[in-house]
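Numbering (the working numbering), first residue to last: 32 to 483.
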Ligand code: PEP
Ligand code: CO
C-alpha cells in the first residue's frame, strides 16, 4: 500500500476513493443540511479528546485498559432515558469488574451518540424475490422493507446530530451526578441476573470494593472525593464523510484540527484500503483513531497505514482493533504483531471478538455464539502474552437490555429463542446478562494468568 502525504484539508478526502457513500436524489438539500450542521455547536471538546489520547497512551503501555461497547447501529427511536441509562449501567458494571480483575483503571468508550451510519456488504437486500437498497443506518434511510423507507434522506443527518446531542447531555449529567458512584454499585439493579450462576462472583467483587472503600475512608478520615464521577467517551465509525467533515473544526488554542462530533472515530474494515477517502480524512485530524483490521490484511499494508496515520509515532494516536474470528487468530495475529514490533510502532492493541464470529442461524437470522466470542478474546489475550505485547482493550457490541440476539452464556439463549426479542437492525449484540458474564470471564482469565 502506498500513501502520498500531500496537503491535507477537511475536504481532501473528496479527491480519493470514497466507498460506502450515499447518493442522494436531492443534492441541493444535502448541501443545505450540511451547511446547517457546520454551524451547530460541537458535541465534544478538544480538551476531552486530548485527555483521551493520554489515557490511550497509558493503555498502550499496559497501565490502563480500554472498554469500548454499544450498539452495532444506534436507532433514533432508542434515544430514550431508559435505554441510555441501561447501556451506561452495563458499561459501568463491566468496567468495575475489569478494574477489579485487571487491577488497573478502565477507560470507558461508548459506541454511542453518533453510531448511526453502517457499511453494508451488499448494496441491495432481497426478500421474497423483491430487491431494495440496503438499510444503511438511521442517519441515511429507514430499516422498513419498503422502497420509500430505503430512500436516503439528508434531513436524517440533522436528526442524528440532535439525537447524539440529547444522548450526550444525559450521559454527561448522569456521569457527573452520582449515578456512577461506586458506593451505589450494589443498587445497580441486577434483577435480571438473580438466577445466573455468576451472580455470586459479581457480588463478591462488589463487596470487596466496599471493604476497600471503607478501609480507605477509615484511614484517611475524610470522604473520598471523586468516586461518584466517571468519564464516558464517545466513538463511532466515521463512515459518512460529508457529515464528519461538517464537524471537522480548527481549534485555535490547540493549533490543530479536530473532529468534534466524537472523541474516537474509527475506520471500518470495508473502507480500509490504499487510496481510501476514509484513511485520507483521518490523517489530518488530531483525534485518536481506531482501525478495524481483519485476518486478511497483509502485515506490510498495516505498517504503511500506521506510518501514514501516525508519522510521529505518538503512542495515544492509534487503536488497532483486530476482528479476525476465533479460527483465524492463531495464524493471522502473530504476523501483524511481529511486523508492528519489528518497526517499533506505538499502537494500542484492542480486540473486537464480535465481527469475525458472525454466522447465520438455521432460520437465516444473523447471530453470534457466546463461546466463540469468548474464545477469540482468550486466544488474543494469550497471543499477546506469548509475544510480549500488551492487549490494551476490548470492543463489544452490546446492550443493557434483555435481548435474544447472541446465543449462549449462562442466560441460556438458544437458537430457537432468537426471534423472541431480536431488535438489532444490523449485527447481534450481547444482552445485559451476557455482557456482565463476559466481563467476569475476562477478569477471571487475567486473575488466572497472574496466578501461574
Ligand atoms: C462494526 O463495528 O459495526 C463494523 C461494521 O465493523 P467492521 O468494520 O469491523 O466489520
Ligand atoms: Co457491527
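C-beta: ideal position from N, C-alpha, C; glycine also.
- In the three-state reduction of the DSSP assignment, residue 164 falls in the strand class.
- Taking residue 301 as the centre and dropping the five residues before and after it, the same chain places the C-beta of 50, 51, 150 and 152 closer than 8 Å to its C-beta, in chain order.
- Out of 456, 398, 443 and 139, the CA that lies nearest to the CA of residue 260 is found in 139.
- When beta bridges are read from the DSSP output, residue 307 appears opposite 48.
- Separation of residue 427 and residue 243 (C-alpha to C-alpha, rounded to the nearest whole angstrom) is 29 Å.
- Excluding sequence positions up to five before and after residue 71, its CB lies within less than 7 Å of the CB of 192, all in the same chain and listed in chain order.
- Along the stretch 58-137, the alpha helix (DSSP H) occurs as fully enclosed runs of 4 or more residues at 58-70, 77-91 and 112-133, listed in sequence order.
- Residue 200: member of the alpha helix (DSSP H) spanning 186-207, first to last residue.
- Residue 432 places its beta carbon 9 Å or farther from that of residue 438.
- In the structure shown, the three-state DSSP call for residue 40 is coil.
- Set against 8 Å, the gap from the CB of residue 426 to the closest heavy atom of the ligand CO is not smaller.
- Segment contact: the stretch 96-106 against the stretch 413-430, three or more CB-CB distances shorter than 8 Å; contact assigned.
- Of the candidates 443, 436 and 468, the residue whose Cα lies closest to the Cα of residue 453 is 436.
- Scanning 410, 280 and 200 for the CA closest to the CA of residue 315 turns up 280.
- Per DSSP, residue 397 is one residue of the beta strand (DSSP E) stretching across 397-399.
- Burial check for residue 184: the Cβ neighbour count within 10 Å reaches 16 or more, so the residue is buried.
- Excluding sequence positions up to five before and after residue 409, its CB lies within less than 7 Å of the CB of 476, all in the same chain and listed in chain order.
- Taken in chain order, the complete alpha helix (DSSP H) segments of 4 residues or longer contained in the stretch 252-282 are 272-277.
- The DSSP assignment places complete alpha helix (DSSP H) segments of no fewer than 4 residues inside the stretch 297-370 at 308-314 and 330-340, in order along the chain.
- In terms of CA proximity to residue 154, 53 leads the group 53, 85 and 65.
- Nearest to residue 181 by C-alpha distance, out of 188, 459 and 163, is 163.
- Of all alpha-carbon atoms in 267, 118 and 61, the one lying nearest the alpha-carbon of residue 205 is that of 118.
- Here residue 426 carries a strand assignment [DSSP, helix/strand/coil].
- Residue 173 carries a coil assignment under DSSP once its states are collapsed to helix, strand and coil.
- When DSSP states are grouped into helix, strand and coil, residue 417 belongs to the helix group.
- For residue 479, the uninterrupted alpha helix (DSSP H) run begins and ends at 463-482, by DSSP.
- When Cβ pairs closer than 8 Å are counted between the two stretches, the stretch 53-65 is seen not to touch the stretch 315-331, the count staying below three.
- Shortest gap from the CB of residue 269 to any heavy atom of the ligand CO: 8 Å or more.
- Excluding residues up to 5 positions away in sequence, 439 lie with their Cβ nearer than 8 Å to the Cβ of residue 402 in the same chain.
- Distance from the Cα of residue 190 is smallest, within the candidate group 108, 460 and 317, for 108.
- Secondary structure of residue 147 (DSSP, three-state): coil.
- Residue range 287-290 is occupied by the beta strand (DSSP E) that includes residue 288.
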